[in-house]
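Step one of this worksheet: look at the structure below.
Number of protein chains: 2
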Amino acid sequence: MPERDAERSRREILMAAEAEFAQKGFYGARVDAIARRSGRNKRMIYVYFGDKEGLWRQVISEVYRRMEEAEQSLIDLQLSGRELVRRMVYTYFDFLQANPSFVSLLSWENLDGGCRLEPLPEGKIGRQSLQFFVDALERGKAEGIFRPEIDPWHTALSMITTCFANFSNRYTLSRLFGADLCGAEMLAARKEHTARLILGCICTEGEE
Amino acid sequence: MPERDAERSRREILMAAEAEFAQKGFYGARVDAIARRSGRNKRMIYVYFGDKEGLWRQVISEVYRRMEEAEQSLIDLQLSGRELVRRMVYTYFDFLQANPSFVSLLSWENLDGGCRLEPLPEGKIGRQSLQFFVDALERGKAEGIFRPEIDPWHTALSMITTCFANFSNRYTLSRLFGADLCGAEMLAARKEHTARLILGCICTEGEE
DNA sequence: TTCACAAGTAACCGTTCGGTTACTTACATG
DNA sequence: CATGTAAGTAACCGAACGGTTACTTGTGAA
Chain A
1 MPERDAERSR REILMAAEAE FAQKGFYGAR VDAIARRSGR NKRMIYVYFG
51 DKEGLWRQVI SEVYRRMEEA EQSLIDLQLS GRELVRRMVY TYFDFLQANP
101 SFVSLLSWEN LDGGCRLEPL PEGKIGRQSL QFFVDALERG KAEGIFRPEI
151 DPWHTALSMI TTCFANFSNR YTLSRLFGAD LCGAEMLAAR KEHTARLILG
201 CICTEGEE
Chain B
209 MPERDAERSR REILMAAEAE FAQKGFYGAR VDAIARRSGR NKRMIYVYFG
259 DKEGLWRQVI SEVYRRMEEA EQSLIDLQLS GRELVRRMVY TYFDFLQANP
309 SFVSLLSWEN LDGGCRLEPL PEGKIGRQSL QFFVDALERG KAEGIFRPEI
359 DPWHTALSMI TTCFANFSNR YTLSRLFGAD LCGAEMLAAR KEHTARLILG
409 CICTEGEE
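As structure tokens, then:
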């Protein structure tokens, strides 16, 4: 193992940056802190990523990539109907639980007004998996599994936002509800409830 | 009208701080900028609010107060059953739409891990209105209007998170869905859909 | 073995920012 | 109309931060 490894340095800086940016946001994060966390010299950050904003962008696209991976693995299961909806909620929930930095980073982006957000390339997986879900809802409607009056597009949006909000507002909600929303058992209950919420709203009658 | 008015200065600094903090967050906000926006001298901020964090806390409690006002006016309507649920969603939606800084400030708080959040005093309106809603759901269950299997507590939480998420993640969602989620007509559609989502999930059968 | 170049280091720079000090001015009170 | 005090100002300070410069060291091909 060589003592000097550009690729490895780059990767370790990126990981350290993800942690620092997720914790403190773009403004709050310190380039010196990222250098320290990664065990690399600050200089290297500028060599590899240009500047602080370039590093931020790389971190964002990295966490998006992980999200797309999770989405793809769901699509590969080839599910449909109720089972698809349930697994979709589970997939999002599990991903967000396992990737708190994804939640934080996207929230930071939103608060900065999306000013560092590059437009998503057409036909990217985000859109693809969305389309996949909308199509599945449409098919379910045709088959009579889902209610005829539901709007697939709005429903898809609601599913994503509903999952996300369980994580993005833990602290203020915990305070408001006087309960810890961060624990594993609570999150499991929230996951189940969220799945029921979506299914309860779109399904015709009958068994769960 | 006196040229020197401590109360008015305090108020105007607070308003300027709300705007600055909502836009930039705690770390990103600049005390100098708040002074400039309020047309007051920076020194006065430290006289009235101690330090940057004291100012932040005052801003937070001010926007919470406005929220509690909206909640109280809903409670005063003395509604119940389906009508209450619908109006509750409307109330939250309208409030969040009219108070973007509330959304931003709470999101900033969450991202900082709630570290500047003081514990909510027992019996405060936030809890009260929550209890009011939970009780109403319980009553609806007893009356057969709402499904017997719903969990009122989780449902209340879902309602709030579902409303909130429509605002807190506009930009990344707009990008993902390739549609502007900030426009008035879109928000009206989201409001209606959100009400249907909650009602569809909790109501037994029948007409809307 | 040499040597060119990529990888890495440490010290530094100009600016910005939260917070303070020393001073000035308006106004209510007697 | 004098005067104590609350309201307001401007200039300043030390620390921190993003980014850079000048220099050193490990590595692999000739």
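Keeping their order, the protein sequence lines are chains A and B. Following my numbering, the numbering of the first sequence begins with 1 at its first residue and continues without gaps. Following my numbering, the numbering of the second sequence begins with 209 at its first residue and continues without gaps. Just so you know, even glycine gets a beta-carbon here, dropped at the ideal spot from N, CA and C.
Counted within 10 angstroms of its Cβ, other Cβ atoms place I198 of chain A as buried (16 or more) or exposed: buried
Contact set for E143 of chain A: own chain, Cβ-Cβ below 8 Å, skip 5 residues either direction: G81
Contact between the region 126-133 of chain A and the region 388-404 of chain B: three or more CB pairs below 8 Å? no
In terms of residue numbering, what span does the alpha helix (DSSP H) encompassing G247 of chain B cover? Careful: G247 of chain B lies outside any alpha helix (DSSP H) and carries neither H nor E.
Specify the secondary structure class of C163 of chain A as computed by DSSP and reduced to three states. helix
Please name the residue in B:F310, B:Y272, B:L222, B:M296 whose C-alpha comes closest to that of I283 of chain B. B:M296
Considering only residues of the same chain and omitting the five flanking positions on each side of E208 of chain A, which have a CB-CB separation below 6 Å? In this prediction, E208 of chain A has a pLDDT of 44, which is less than 50 and means its spatial position is unreliable; nothing more can be read from the coordinates.
If we count the other Cβ atoms within 10 Å of its Cβ and call it buried at 16 or more, is N318 of chain B buried or exposed? buried
Counting only beta-carbon atoms, is S101 of chain A nearer than 8 Å to chain B? no
Which residue comes first and which comes last in the alpha helix (DSSP H) that contains D94 of chain A? 81-98
Checking 8 Å against the spacing of the C-beta atoms, do R43 of chain A and E12 of chain A come in under that value? no
Of all the CB atoms in chain B, is at least one closer than 8 Å to the CB of F133 of chain A? no
Residues in its own chain within less than 8 Å of M223 of chain B by CB, not counting five upstream and five downstream? S246
Just to confirm my understanding: we take T402 of chain B, look at its own chain, exclude 5 residues before and 5 after, and list those with CB closer than 8 Å. What are they? V297, F301, T370, C371, N374
Between the region 257-277 of chain B and the region 224-241 of chain B, can you find at least three pairs of beta-carbon atoms closer than 8 Å? yes
Since S312 of chain B and A230 of chain B are thought to touch, with beta carbons under 8 Å apart, how far apart are those beta carbons, to the nearest angstrom? 4 Å
For E317 of chain B, return the contacting residues in chain A, with the cut-off set at a CB-CB distance below 8 Å. Y171, T172
Proximity test, Cβ basis, 8 Å: E415 of chain B and chain A: A caution first: E415 of chain B carries a pLDDT of 44, below 50, which makes its placement in the model unreliable, though a value can still be read off. No, because no Cβ of chain A sits closer than 8 Å to the Cβ of E415 of chain B.
T412 of chain B versus V239 of chain B - alpha carbon distance: 54 Å
8 Å CB neighbourhood of N307 of chain B in its chain, flanking five on each side removed: V271, R274, M275
For a test of the three-state rule: what should DSSP assign to E207 of chain A, helix, strand or coil? The predicted model places E207 of chain A with a pLDDT of 44, which falls under 50 and marks its position as unreliable; any figure quoted below should be read in that light. Reduced to three states, the DSSP call for E207 of chain A is coil.
Determine the closest residue to T172 of chain A out of B:A278, B:A241, B:D320, B:F234, with distance taken between C-alpha atoms. B:D320
Proximity test, Cβ basis, 8 Å: T370 of chain B and chain A: yes
Residues sharing a beta bridge with F146 of chain A, DSSP: A:C203
Looking only at its own chain, which residues have a Cβ that is under 7 Å from the Cβ of I45 of chain A, when we skip the five neighbours before and after it? I13, V31, I34, A35, L55
Cα-Cα separation between V134 of chain A and D359 of chain B, rounded to whole angstroms: 28 Å
For R294 of chain B and chain A, any beta-carbon pair shorter than 8 Å? no
Report the residue from B:R294, B:Y235, B:L365, B:S217 whose alpha carbon sits nearest the alpha carbon of Y256 of chain B. B:S217
Where T412 of chain B meets chain A, residues with beta-carbon distance less than 9 Å: Here the premise fails: no neighbours, minimum Cβ distance about 11 Å.
Do R383 of chain B and G114 of chain A come within 8 Å of each other at the CB atom, strictly closer than that value? yes
Please list, in chain order, all residues of the same chain as R116 of chain A whose beta carbon is under 8 Å from its beta carbon, the five residues on each side excluded. F26, E53, W56, R57, I60, E109
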